[in-house]
Every structure is written in structure tokens, then in C-alpha cells.
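Our numbering applies: residue 937 is where the sequence shown begins, and numbers increase by one.
The beta carbon of each residue, even a glycine, is placed where N, CA and C say it ideally should be.
If you're wondering where the values come from, they're calculated on a predicted model, not measured in any experiment.
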Amino acid sequence: MKYFLSFILFVTISKCQEIPFKVGELLIYTAQFELIPVGEAELFFKGNEKFNDIDVYHVSWKAYTKGLASTIFKIQDKIDIWIDKKDFFTHRLKKNINEGSYSKKVDVKFDYDKSIAKTETKEVSIDFKARDPFSMFYYLRTINLEKDVVMNFSAFEGKRIIDYSLQMTGSEIIKSPLGEFKCKIVKPFRDGKNLFKNSGDMRIWISNDKQRLPVKIQIKMKVGTMTLLLKEIN
937 MKYFLSFILF VTISKCQEIP FKVGELLIYT AQFELIPVGE AELFFKGNEK
987 FNDIDVYHVS WKAYTKGLAS TIFKIQDKID IWIDKKDFFT HRLKKNINEG
1037 SYSKKVDVKF DYDKSIAKTE TKEVSIDFKA RDPFSMFYYL RTINLEKDVV
1087 MNFSAFEGKR IIDYSLQMTG SEIIKSPLGE FKCKIVKPFR DGKNLFKNSG
1137 DMRIWISNDK QRLPVKIQIK MKVGTMTLLL KEIN
């Protein structure tokens, strides 16, 4: 999951008339490593809040192992994100990551008027509007993706600025516990290469309908393939 949490997506800009989600929406995913169920993940659209007197959406992400997987390599991640209500960039990113013996806490606050990002220990100058993976999922749901168009953005998650790109590469029908979805496939990459240093390859399937749901997320790594598949919407 750690690899999943450190990327930024890029998209074509063609806004929908109305956002296809509402406060209280909960997306629940099964998590599999190769063909073995290992846990679940949840993406929750919590509500409307204020951050530095700015209207924002509060979104939370949880990922956790279950059963035997927890005894082998326990994962218990929680991430909270505060997203701009108009353009869906990130105003605050708070992470509590626990994966095996690895743990990490990060709290990044963005002040775009002063062009700085603040953590508990430092300030970094920025000249961009940051989008973490989870704010980007919602941003993706507000636009029309077009094949082969590449967009470029930047992210900051506490240590360094990361530049990424995203491109829609095709379409595919995905079978899930909720039925079949016609999806557009989007691929994040970096400097023309795979996103991750360990040669990992990521793809995201966005439903080609009014909801634009992130139906499937897949990360191929040297050690195997991790797949998140949407199983429930509340």
C-alpha cells in the first residue's frame, strides 16, 4: 500500500455540469495480492468543512489487512484529505501509515496565498496546486477523460516535490461484485517511465458513466500484483 500512497495523477480538463458524488458516499474495495484476499479499503466522502476560512471537502481513506494476512504483514493505514470545493486540489493532507514494521505520520498544510507547504518540521516553497491520489480520484470524477491526452501536475507529501503525469490509454469492461462496468483506463507515469522506482506499473479503471467511479486500481510490482476492486457503495 505504501507504493499506492505516493503518486499524483494528471487529467484532461473538461468539467461535468454536476459533481457525481455527495456527502456520505462510501466506496468499499476488496484488496487482493495476486489471487489471495488480504483485506479491504474504504474511500469516504465525509462532508463540508472550513480550512483557513476556505470551503473544503473532507475525505478519508482507510486500508487494512484482515485474517491471516494481518498475522503475516499487518496494514492499518488512515489518511484524511481536505480538498478545494471548486477545483479539487489539496489544502491539507494528514497520513497515519502502519505497514508491518514501517510506520509514518505526516501532516501537510498548504497555504497557496503564501506559496508554501508546511509540515511539523519545515516549510517548502511551492508554485503549484497539489493533488494527492485521493483528491485526484474525486477530480477525475468531475471531468471528461480523453484518450492520449497527457496532463502534468505536482505533489508534495512531506519530503519532496514530485512531478507526475497521467494519460488515458484505453477502455475495458470490468467485472466486479457490483456488476459489469465499462471503464476508461488511466495510467500515471513519471518522466516517461513507470511510476514507481521498483519498476511498478499502475493502472486505474474509471467507470464510463455519470458516476465516474474508480472501479479498479492495480499495481504490478516485482514481487506481485496488488488489486483493489470496488465491491460496495453506501
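Practice problem: Taking only the alpha-carbon atoms, compute the straight-line gap between residue 983 and residue 1047 and give it to the nearest angstrom. | Solution: Each residue's Cα considered, the two are about 21 Å apart.
Quiz item: Quick one: is residue 1067 buried, meaning 16 or more other Cβ sit within 10 Å of its Cβ, or exposed?
Solution: Buried is the call here.
Quiz prompt | Status (buried if at least 16 other CB within 10 Å, exposed otherwise) for residue 1124 | solution = Around the beta carbon of residue 1124, 16 or more other beta carbons lie within 10 angstroms, which makes this residue buried.
Self-check item: Between the CA atoms of residue 1061 and residue 1053 - distance to the nearest angstrom
Solution: For residue 1053 and residue 1061, the distance between alpha carbons rounds to 6 Å.
Practice problem: For the beta strand (DSSP E) containing residue 993, list its first residue and its last residue. | Solution: Counting along the chain, the beta strand (DSSP E) containing residue 993 begins and ends at 990 to 1001.
Exercise. Name, in chain order, the residues that DSSP records as bridge partners for residue 1044.
Key: DSSP output for residue 1044 lists 1029 as bridge partner(s).
Quiz prompt | From 1142, 1165, 1022, residue whose alpha carbon lies closest to that of residue 1113 | solution = With distances taken between Cα atoms, residue 1113 lies closest to 1165.
Practice problem: For residue 1096, count neighbouring Cβ atoms within 10 angstroms of its own Cβ and tell me buried if that reaches 16, exposed if not. | Solution: Exposed, because fewer than 16 other Cβ atoms sit within 10 Å of the Cβ of residue 1096.
Quiz item: Near residue 1059, what residues of its chain come up, given a Cβ to Cβ distance below 6 Å and the 5 sequence neighbours on each side ignored?
Solution: So the qualifying residues of the chain are 1052.
Quiz item: Between the Cα of residue 1038 and the Cα atoms of 1012, 1027, 962, which residue gives the shortest distance?
Solution: The residue among 1012, 1027, 962 with its C-alpha nearest the C-alpha of residue 1038 is 1012.
Quiz item: Residue ranges of each alpha helix (DSSP H) run of no fewer than 4 residues wholly in the stretch 1051 to 1106, ordered along the chain?
Solution: Secondary structure remark: continuous alpha helix (DSSP H) runs of at least 4 residues inside the stretch 1051 to 1106, in chain order: 1069 to 1076.
Practice problem: Name the two residues that bound the continuous beta strand (DSSP E) containing residue 1011. | Solution: Note, residue 1011: premise wrong, no beta strand (DSSP E); not H, not E.
Quiz prompt | Cut-off 8 Å between Cβ atoms - residues of its own chain near residue 1041, not counting five sequence neighbours on either side | solution = Counting only Cβ-Cβ distances below 8 Å, and skipping sequence neighbours, we find 1031, 1032, 1033.
Quiz item: What is the DSSP secondary structure of residue 1164, reduced to helix, strand or coil?
Solution: In the structure shown, residue 1164 sits in a strand (DSSP, three-state: E or B).
Quiz prompt | Inter-residue spacing [alpha-carbon to alpha-carbon] between residue 1079 and residue 1023 | solution = Rounded to whole angstroms, residue 1079 to residue 1023 spans 11 Å at the Cα level.
Quiz item: Distance, Cα to Cα, residue 941 vs residue 1004?
Solution: With a pLDDT of only 38 at residue 941, under the threshold of 50, the placement of this residue in the model should not be trusted; the figure read from the coordinates follows. Those two C-alpha atoms are separated by around 23 Å.
Exercise. Rounded to whole angstroms, what's the CA-CA distance from residue 962 to residue 1107? Just pull it up for me.
Key: The straight-line gap separating the alpha-carbon atoms of residue 962 and residue 1107 is approximately 25 Å.
Self-check item: Nearest neighbour of residue 1072, chosen from 954, 968, 979, 986 [CA to CA]
Solution: By alpha-carbon distance to residue 1072, the top candidate from 954, 968, 979, 986 is 979.
Practice problem: State buried or exposed for residue 1145, treating a residue as buried only when at least 16 other CB atoms are found within 10 Å of its CB. | Solution: So residue 1145 counts as exposed.
Self-check item: residue 1004 (DSSP reduced to helix, strand or coil)
Solution: DSSP places residue 1004 in helix when its eight states are reduced to three.
Quiz item: Measuring CA to CA, which of 1029, 1126, 1160, 1117 is closest to residue 1086?
Solution: For the residues 1029, 1126, 1160, 1117, the minimum Cα distance to residue 1086 belongs to 1126.
Quiz prompt | Cβ shell of residue 1016 (< 6 Å), same chain only, five flanking positions each side left out | solution = The answer, listed in chain order, is 996, 1030.
Quiz prompt | Backbone CA spacing between residue 976 and residue 1063 [nearest angstrom] | solution = Approximately 36 Å between the Cα atoms of the pair.
Self-check item: Simplified DSSP state of residue 1209, which is helix, strand or coil
Solution: The structure shown has nothing for residue 1209, since the chain only spans 937 to 1170.
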